[in-house]
Amino acid sequence: MLLRRAALLASAAGLTLGGAALTALPRPAVDRCPIGGPAAILAHANCGAALSDRINPAQHNAKISDKHAKLSAANPTCAASNWAVAATDPGDAINGALPLQMESAHVAFHWKPGTVDPADAKAAAAHLEYVWSYFIDTLGFPQPHCGDAAKLKVNAYIGVDYGLTGGTDSLGHMGMWIGPGALKDRFGLAHELTHALQAATGRLMDSPYTGWMFESHANWMTTQLPEFRDNTHCSVLLKQYPHLYYGSTRSRYCNWQWFEYLKDRHGYDAVNALWRNAPGKDDPARLTADPFTVLRSNMGWTQDQLNDAFGDWALHNANWDYTNGAAYRKSYGGYDQTTGPNILAATVLDPIDTDKRRYAVPEMWAPQRWGYNIVKLNPDAGQSRVSVTFRGIVQQASAVTKLPGLADEPDTIPPPASDWRWGVVAVGTDGKSRYSPLQRGARAQTAIAIRPDDKGLYLVVMGTPSQMQKIRWDQPYYSIYRYPWMVELDGARPDAPAPITGGHRHPNGGGWVGPDAKVAATAYVGPYARVLSGTVADRARVEDHAVVSGQAQLRDDAVIAGLTVLRGDTIVRGHARAATSMLGIGEYEKGIILSGAAQTIGDVEHRGGQFDKGVSYGFVDQDAAKDPKRGADLTAPVPEVTAKPDYRWIP
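Numbering (my numbering), first residue to last: 919 to 1569.
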C-alpha cells in the first residue's frame, strides 16, 4: 500500500487514490480484508496488511534457474555520504510518540517499548538491507538522494494498529508504517520498501493516470527477489480478466506481467527508466504524466511500435513465454473451459454464421485499451493448417458527446482510434510456442501450420487504439472504449463450454441448466447462458453469457446479462439488473442483495452490501448506495462511449 506525504491519523484506514491525490493511512487493528489469494489484493481500501500471500518456508531459499536480464549502467555514481535518521514530522503526534529504537544502514526503526520483539526487528532490518542492495545495486533502481550530500534513512514506524504501508511522509521523507506482525512478512516488507523507493524518485506521483503502477510495480519488484521468483502472488487476475484495459484499477496489484515482459525483452532499465525519466516534481507535465507515454519516449517508439510491443506481449501470454514462464504456467493453469475463478479467462465467441465459421466477440468481452482476448481453437481432425480472417468493427467517434459528471470521469472524451493487434499461437508437444506473424488493423488474414500432437492452439486479439489513450484511476466503465471484432476460421472452430453433465436445455431460451439447479418454466435462460446451480424463479432472465452458481438466487423480474457470474449466496430480485464483465458477484463476499431497481454494470468489484436503487460501476461497497457521484441517484445506466457493434460480416 502506497503512502504519499499524508498526515497520519490513528483513526484513518486504508488507501485512497482518487484524481490527482494519492494518500494512504494506517488501518485500524480490525482488518476485515481477506488475507489469502486474489481476494486479499482486490479491495479498494483497507487491505494493505494482506499485500503478500503467506510464503511457505521452503520457498525462502528457492533457486532461480534463469539468468538475470540485461542490467543497465544507467544509475550514476552517487555522492558518498553517511545516511542519517530523518526527523519525524513535528506535526505528526501519532508517529512522533514512537521513539527510535534501532537503526540499520538505510532504515531507522521506531516503536513503543514492549510492543515489538527486538529479534523480529533485527531480522526485518537484515531483510530490508538485503532488499535495498538487491533492488539498487543488482537491478539498478534509482538510488534515493543520489546527488545529495545529506542522505536520509527510511523511517519504519511500527504501531500496534498499523498494517503495511510505505511511501513518503508530509516532509517528503521515506517511510514505512507497519504492524509488529508485519516484521515477519518478507514479501510485504519488500513491497513497502519499494513504495518508499518509488516515492523517493519524486516522479509519477501527482497524476491521475499512475496510481495502479505503484502497486503493480511494487509486487513485480518483490517477485524479482530470488526467494520469490516462483511466487506469482495474485497475478493470475490478469489471466482471468485479460479483456480489461491494461493498468486496470481493479487488478492493480496483480497485472505486473507487462513489466516482466519488458525486462525479458529490453532489460531491467526499461522498467527503472520509467521512474528515472518521468517528469519531475518541478515540471508541470507531472500532473498529466502516464507511464506509457514515458515508456514510448524512453524507447524511441511511435504509437504503432508501442502497440506492436503490447500485441507481442499478448501473444506471449497464450503460453506464458517468459524467462520465468514455467512458474507462471504451473500457477495459472491453461485456457480450458471452467466454471471456477478462471471462467472468463478464455473468451467464448458468438456465432454469426456457423456454416461459414464466422464468429464475433461478445459485446462485453471485447477488449478495452491493451486488453486482449484469448480464444482456444479446436482444429478439425487431420488438419495441418488453420487460417484466420479478421475484421475489426471500426468506430469513428464516441457514441456520446458528454458524460454525466460522476466521479473519476475523464475531462474530455477522446476519439476511439480503433485498431487491433492479433495473431495465432500454437503450442507444441514440447511446450514451445510457434507464433503467426503479428497482425495489425481492422482487416487482415494469417495462417499457421499445426501438428497432430500440438497441445494447444490460440487466437489472441488485443485492442490497440492508434492514438494514446490515458485512463484515470477508477475511471468508470462507460467512459472506456471497447474494440469489438469478428473472425472467419478455416480448419478450426472456437472452443465453448460443454453441456452440463446431467443437465438439460431450458425450454424457454435454450440455455443449459444443471441437475442441482431450480429454474422455473416461466424464467428465461438464453442460449449461451448457464444455470449451474442455485435458483432462477418467476420471470427472471439469464441472458448473454451470464451464469448462476452456488446458492445464488435470481427472482421476480430480475435480469443478469453480459458476463455476470452470480456466486455464493447472492440474491438478485425485484427489477434489479446486473451486467458485469469481471469478478463474480459473491466471489468473495456474502450477503449481497440487489433488489428494487438497483443495477450494477461493467468491471464491477462487488465488496458486499444491499442495494435497492442506483446504478453502480467499478468498486462497489455499501457506501456506493449513498453516493450520488458513484451512481446512487441514477435510474438507468449511463450511455457508453462504445457504440453497439453491428456484427454483420464485412466482405
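We put the CB at the ideal spot given by N, CA and C, even for glycine.
Extent of the continuous alpha helix (DSSP H) to which residue i belongs
i: Asp1226; result: Gln1221 to His1234
i: His887; result: A query on residue 887 cannot be resolved here, the shown segment of the chain reaching from 919 to 1569 and no further.
i: Ala1044; result: Pro1036 to Ser1051
i: Gln1116; result: Arg1104 to Thr1119
i: Glu1178; result: Gln1175 to His1184
i: Gly1014; result: Ala1011 to Gly1014
Cα-Cα separation between residue i and residue j, rounded to whole angstroms
i: Ala1004; j: Val1466; result: 55 angstroms
i: Pro956; j: Cys1152; result: Residue confidence is low: Pro956 scores 36 on pLDDT, short of 50, so the model does not pin down where it sits. Its coordinate-derived value is still stated next. Cα to Cα, the separation comes out at about 5 angstroms.
i: Ala1067; j: Thr1119; result: 16 angstroms
i: Leu933; j: Met919; result: Any reading at Leu933 must be qualified, since the residue scores a pLDDT of 27, below 50, and its modelled position is unreliable; no value is offered.
i: Lys1294; j: Ile1366; result: 14 angstroms
i: Tyr1159; j: Leu1450; result: 21 angstroms
i: Asn1190; j: His1135; result: 10 angstroms
i: Asp1254; j: Val1379; result: 17 angstroms
i: Asn1426; j: Tyr1163; result: 35 angstroms
i: Gly1229; j: Arg1287; result: 11 angstroms
i: Pro1126; j: Leu1192; result: 16 angstroms
i: Gly1444; j: Asp1187; result: 50 angstroms
i: Val1266; j: Asp1329; result: 34 angstroms
i: Asp1371; j: Asn1296; result: 13 angstroms
i: Ala1037; j: Glu1145; result: 21 angstroms
i: Tyr1250; j: Leu1375; result: 17 angstroms
i: Gly1381; j: Lys1547; result: 29 angstroms
i: Val1538; j: Lys1508; result: 14 angstroms
i: Leu1262; j: Thr1498; result: 11 angstroms
i: Ala1232; j: Tyr1290; result: 7 angstroms
i: Phe1308; j: Asp1268; result: 15 angstroms
i: Ile1584; j: Thr1560; result: No answer is possible for residue 1584: the residues shown for the chain start at 919 and end at 1569.
i: His1571; j: Arg1400; result: Residue 1571 lies beyond the range of the chain shown here (919 to 1569); nothing can be said about it.
i: Asn1235; j: Ala1196; result: 28 angstroms
i: Trp1567; j: Lys1350; result: 34 angstroms
i: Phe1132; j: Gly1420; result: 48 angstroms
i: Ala1041; j: Met1020; result: 12 angstroms
i: Gln873; j: Glu1461; result: Since the first residue of the chain shown is 919 and the last is 1569, residue 873 is not available in this structure.
i: Tyr1246; j: Asp1148; result: 8 angstroms
i: Gln1175; j: Trp1138; result: 8 angstroms
i: Gly1409; j: Asp1222; result: 31 angstroms
i: Phe1210; j: Pro1202; result: 18 angstroms
i: Arg1170; j: Ala1439; result: 42 angstroms
i: Leu1156; j: Ile1270; result: 28 angstroms
Endpoints, the beta strand (DSSP E) within which residue i is located
i: Ile1076; result: Val1072 to Ile1076
i: Met1123; result: No beta strand (DSSP E) holds Met1123; DSSP gives it neither H nor E.
i: Ser1534; result: Val1533 to Val1538
i: Trp1403; result: Trp1403 to Asp1408
i: Leu1018; result: Leu1018 to Glu1021
i: Trp1095; result: Met1092 to Ile1096
Same chain, Cβ closer than 6 angstroms to residue i, five either side skipped, listed in chain order
i: His1493; result: Asp1475 and Ala1515
i: Gly1014; result: Thr1006
i: Val1049; result: Ala1108 and Leu1111
i: Lys1199; result: Gly1120
i: Ala1074; result: Val1025, Phe1027 and Met1094
i: Arg1459; result: Tyr1442 and Val1477
i: Ser1354; result: Gly1341, Val1342, Thr1364 and Ile1366
i: Gln1313; result: Pro1334, Ser1336 and Ala1561
i: Val1154; result: Tyr1250
i: Ala1344; result: Arg1352, Ile1366, Ile1368, Asp1372 and Leu1375
i: Asn1216; result: Ala1191 and Asn1195
i: Val1556; result: Pro1322 and Tyr1396
i: Asp1487; result: Gln1469 and Lys1508
Contact set for residue i: own chain, Cβ-Cβ below 7 angstroms, skip 5 residues either direction
i: Phe1505; result: Residue 1505 is actually Glu in this sequence, not Phe. Correct list, in chain order: Arg1485.
i: Leu1115; result: Phe1053, Phe1059 and Pro1062
i: Pro1394; result: Leu1324, Asp1326, Glu1327, Tyr1535 and Gly1536
i: His1024; result: Trp1001, Glu1047, Trp1050, Lys1071 and Val1072
Residues near residue i by beta carbon distance below 8 angstroms, same chain, minus five either side
i: Asp1601; result: The structure shown has nothing for residue 1601, since the chain only spans 919 to 1569.
i: Arg1411; result: Arg1275, Leu1295, Asn1296 and Asp1298
Worksheet item: Touch check for the segment 1079-1096 and the segment 1109-1126: three-plus C-beta pairs under 8 angstroms?
Response: yes
Fill in: Any beta strand (DSSP E) of 3 or more consecutive residues that is wholly inside the segment 1346-1393
1351-1353, 1361-1367 and 1374-1381
Discussion item. Quick check for students: name the residue ranges of the beta strand (DSSP E) that lie wholly in the segment 1248-1335, counting only runs of 3 or more.
Written reply: For the segment 1248-1335, whole beta strand (DSSP E) runs of length 3 or above, ordered along the chain, are 1268-1271, 1276-1278, 1290-1297 and 1303-1310.
Worksheet entry | the segment 1396-1415 contacting the segment 1272-1280, beta-carbon criterion three pairs below 8 angstroms | When C-beta atoms of the segment 1396-1415 are compared with those of the segment 1272-1280, three or more pairs fall below 8 angstroms, so the two segments count as touching.
Discussion item. Closer than 8 angstroms is the cut-off here; do at least three beta carbon pairs connect the segment 1425-1436 with the segment 1332-1339?
Written reply: no
Worksheet item: Any chance the segment 1319-1326 sits against the segment 1541-1552, with 3 or more Cβ pairs inside 8 angstroms?
Response: yes
Worksheet item: Do the segment 1358-1374 and the segment 1300-1315 meet, that is, are 3 or more Cβ pairs less than 8 angstroms apart?
Response: yes
Worksheet item: Does the count of Cβ pairs from the segment 1077-1087 and the segment 1049-1061 closer than 8 angstroms reach three?
Response: no
Discussion item. Going residue by residue through the segment 1461-1502, where are the continuous beta strand (DSSP E) segments of at least 3 residues, counting only ones entirely within it?
Written reply: 1477-1480 and 1495-1498
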